[in-house]
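Taking the numbering used here, the leading residue of the sequence shown gets 17, the next gets one more, and so forth.
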Amino acid sequence: ADKIDPIVARGVLLDLPAAKGVERLEPGYAVTPDDLDAAVEHAKVTLVPGDVVLVRTGHMQLFHGGDTWGYNHDCPGLSTKTIRWVRQHDLGAVFDDTYVFEVWPPEDWAAMMAVHMIHLRDMGQIQGQNFDLEGLATDCADRGRYEFCFTAVPEPFTGGCSAPVAPVVTW
Numbered sequence: 017a018d019k020i021d022p023i024v025a026r027g028v029l030l031d032l033p034a035a036k037g038v039e040r041l042e043p044g045y046a047v048t049p050d051d052l053d054a055a056v057e058h059a060k061v062t063l064v065p066g067d068v069v070l071v072r073t074g075h076m077q078l079f080h081g082g083d084t085w086g087y088n089h090d091c092p093g094l095s096t097k098t099i100r101w102v103r104q105h106d107l108g109a110v111f112d113d114t115y116v117f118e119v120w121p122p123e124d125w126a127a128m129m130a131v132h133m134i135h136l137r138d139m140g141q142i143q144g145q146n147f148d149l150e151g152l153a154t155d156c157a158d159r160g161r162y163e164f165c166f167t168a169v170p171e172p173f174t175g176g177c178s179a180p181v182a183p184v185v186t187w
């Protein structure tokens, strides 16, 4: 983590529940490329290389409601089918609001944490989880705007492969 530069880029919130007309995605829901495309359409944006995408599933609502057990177990998340979608859009980073990042339980126990392995190890894709996107989703809906300046500075842990960040959105 001591080798990761601060991130300053256009951020885009992909609000999956809003695009589907639901409060939150159900635990264990495997997000597909079609889901991501629908959220891009809902946001009325065109993704460009280097964008930082924040994927809201609504799962953080469990944590806010005091159901930490529910938040820390089965969760919606990116399916293996989204790996190619992320690569095709040449995203700078992908973050979401779940404990695991990818769908849990996994689609295939023999390929557990496949999205992590392919994103991080094989693609060098920056990713993160546990982002509280509830307030941002409200702000985006109120403004009718789902793009913003996104800034995050990773803590410089020597030799680490991950680090906490305190992201900032600027309108």
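Think of the CB as a built atom: it goes at the ideal place given N, C-alpha and C, for glycine as much as any other residue.
In the DSSP assignment, Gly44 is bridged to no other residue.
Each residue's CA atom was taken as its position, placing His80 and Asn146 some 12 Å apart. Within the region 100-173, the complete alpha helix (DSSP H) segments of 4 residues or longer fall at 150-159, listed in chain order. Around the Cβ of Met139, a 10 Å sphere holds fewer than 16 other Cβ atoms; the residue is exposed.
Sequence-distant partners of Ala46 (beyond 5 residues in either direction) whose C-beta falls short of 7 Å from its own C-beta, in its chain, are Ser95, Val119, Glu123. Residue state for Leu94 is assigned as strand, using DSSP reduced to three classes. A Cβ-Cβ separation of about 40 Å leaves Gly160 out of contact with Asp18 under the 8 Å criterion. Per DSSP, Gly27 lies in no alpha helix (DSSP H); the unbroken beta strand (DSSP E) holding it starts and ends at 23-31. Cys91 and Thr174 have their C-alpha atoms some 31 Å from each other. Taking the C-beta atoms as reference points, Pro22 is found nearer than 8 Å to Val169. Relative to the Cα of His75, the nearest Cα in the group Ala126, Pro172, Pro33, Asp51 belongs to Pro33.
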